[in-house]
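Shown next, in structure tokens, is the structure this report addresses.
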Amino acid sequence: MNEKYLLLNGRKFYYDEIAAYSFRNSIPLDGYESKTLEFCRNWLTGVQEFPIMTSGSTGVPKTISLTRKQMEASARRTIKLLRLEKGDCAFVCLNTEYIAGMMMLVRAFKADLNIIIVDPVSNPLSLVSREEQLDFASFVPLQLQTILQEMPEALPQLNRMKGILVGGAPISATLQREIQQIKPPVCLTYGMTETASHIAIRRLNGSEATDYYQVLDDIEIGIDKRGCLTIKGDVTNNELLVTNDIVELLTPSRFRWIGRADNTINTGGVKVQIESVELAITEALADTEIAPRFFVAAQPDELLGDKIVLIMEGKPLGEAAEKKLFSRLHTRLKKYEVPKEIIYSPTFSGTATGKISRQITLRKLGLHTD
């Protein structure tokens, strides 16, 4: 066991010393490194149950427990999907205190992969050599977009990988186009903490790209009376998990994601799905050089009850650019779906997993959050 080690921020940690935690007093560690190695120790010593915090992107974060069996079942599917083999290298750049980063470690341990872990920064490839052979990585969209836009010299490194997972937030039209440069499969994931990471993937690049999610092997899906996805399989302990995600069920193993059931705005008595409006905004911005982060929210209105507003990060676009944007939106949306105004935020607040925290951002702007 002595010869096996992982790299954490450029330093070697051998599996036997991780299991014994024998380095704890001799090597200075920051909080993130300590928590990462603590999970590794628990996994290597056979711990059977793991408390995990949900991301909090759609509500108040909470702690749930997943069993080792659930996490191993999830890991096996990804290993099979990407044909990962012993000796391949997993690049771990997502927060390992949450399910996406944690499962990168589990997959690596399960498949006996080499492991390189870095801090979850916006451009994680800036922390490793361009010559490093990385076979498998998972990014949030912001990370992949930053890499492609700010570090074009990293493209050959991405192209040497067996596969890349992307998740945690929607993919912009700009990123969708840039992903086409990448040769290996880039897959958008669907899943949650309660399912031990993803249970379905959507190919984003190449001739096999789709506009729907393909469910992984032996996972059962359905819809409830609201049209929301239900999931059952070994990753849920074979219990039926009812989600809050409205989907279009295409086949017993394929679905299109529409949006969250709690992301419906009742404006003037008409129900509008937030995700549909956000998609139209993404399309309206796709042919421009403007690529700010944004989201849609509801704000109280005396006449409509709730009005739709666009929250955009960064400096104001300017009168001409705003007028052009609204003109494009009117060709893509019905009158009542078009945002009534744009509200600008210098910076968005984020979660520890790299997602936009809509509620905190709205509170910082002094806006209504319910």
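In this text, residue positions in the sequence shown follow this note's numbering: the first is 64, and each later residue adds one.
Cβ coordinates follow ideal geometry from the N, Cα and C atoms, glycine included.
Membership of residue 166 in any beta strand (DSSP E) is not indicated; the residue belongs instead to the alpha helix (DSSP H) covering 162-174. Among the bridge pairs identified by DSSP, residue 241 is matched with none. Per DSSP, residue 380 lies in no beta strand (DSSP E) and is assigned neither H nor E. Scanning the segment 302-386 from its first residue to its last, the whole alpha helix (DSSP H) runs of 4-plus residues come out as 337-349. Annotation: residue 253 to residue 343 spans about 21 angstroms, alpha carbon to alpha carbon.
DSSP places residue 277 within a strand segment (E or B) once states are collapsed to three. One Cα belongs to residue 69, the other to residue 152, and the distance between them is close to 10 angstroms.
Spanning the alpha carbons of residue 383 and residue 297 requires a straight line of approximately 54 angstroms.
In the three-state scheme derived from DSSP, where H, G and I count as helix and E and B as strand, residue 143 is classed as helix. When C-beta atoms of the segment 198-210 are compared with those of the segment 225-239, three or more pairs fall below 8 angstroms, so the two segments count as touching.
Counting other Cβ atoms within 10 Å of its Cβ, residue 290 stays below 16 and is therefore classed as exposed. Under the 8 angstroms Cβ criterion, the segment 111-118 does not count as touching the segment 266-286, having fewer than three qualifying pairs. The alpha-carbon separation between residue 244 and residue 187 amounts to approximately 19 angstroms. Setting aside the 5 residues that flank it on each side, residue 158 is surrounded in the same chain by 164, 183, 415, 416, each with a C-beta closer than 6 angstroms to its C-beta; the list follows chain order. With fewer than 16 neighbouring CB atoms inside 10 Å of its own CB, residue 409 falls in the exposed class. Note on geometry: alpha-carbon atoms of residue 169 and residue 310 lie some 29 angstroms from one another. Below 8 angstroms, too few C-beta pairs join the segment 136-155 and the segment 72-84 to call them touching: fewer than three.
For the pair residue 258 and residue 299, the CB atoms are nearer than the 8 angstroms cut-off. Listed in chain order, the beta strand (DSSP E) runs fully inside the segment 391-416 are 404-408, counting runs of at least 3 residues.
Considered as a whole, the segment 83-118 harbours 112-116 as its complete beta strand (DSSP E) runs of no fewer than 3 residues, in chain order. In its chain, beyond the 5 residues on either side, 225 have a beta carbon closer than 7 angstroms to the beta carbon of residue 146.
Each of 426, 429, 413 was checked against the Cα of residue 185, and the nearest Cα belongs to 413.
For residue 255, DSSP records a beta bridge to 260.
About 5 angstroms separates the CB atoms of residue 419 and residue 411; that is less than 8 angstroms, so the two are in contact. Here residue 374 is near residue 357, since their CB atoms are less than 8 angstroms apart.
Taking all protein chains shown into account, residue 192 has fewer than 16 neighbouring C-beta atoms within 10 Å of its C-beta and is therefore exposed.
With fewer than 16 other beta carbons inside 10 angstroms of its own, residue 66 counts as exposed. Between the alpha carbons of residue 363 and residue 238 lies a distance of about 33 angstroms. Annotated three-state conformation of residue 427 is helix, per DSSP. Counting other Cβ atoms within 10 Å of its Cβ, residue 212 stays below 16 and is therefore classed as exposed. Taking residue 234 as reference, the option from 261, 267, 214, 210 with the minimal CA-CA separation is 267. Here residue 421 is buried, its C-beta having at least 16 other C-beta atoms within 10 Å. Beyond the five residues adjoining it in sequence on each side, residue 395 comes within less than 7 angstroms, by CB distance, of 343, 346, 347 in the same chain, given in chain order. The secondary-structure analysis by DSSP pairs residue 200 across a beta bridge with 154, 227.
When secondary structure is reduced to three states using DSSP, residue 249 falls in the strand class. Excluding sequence positions up to five before and after residue 125, its CB lies within less than 7 angstroms of the CB of 117, all in the same chain and listed in chain order.
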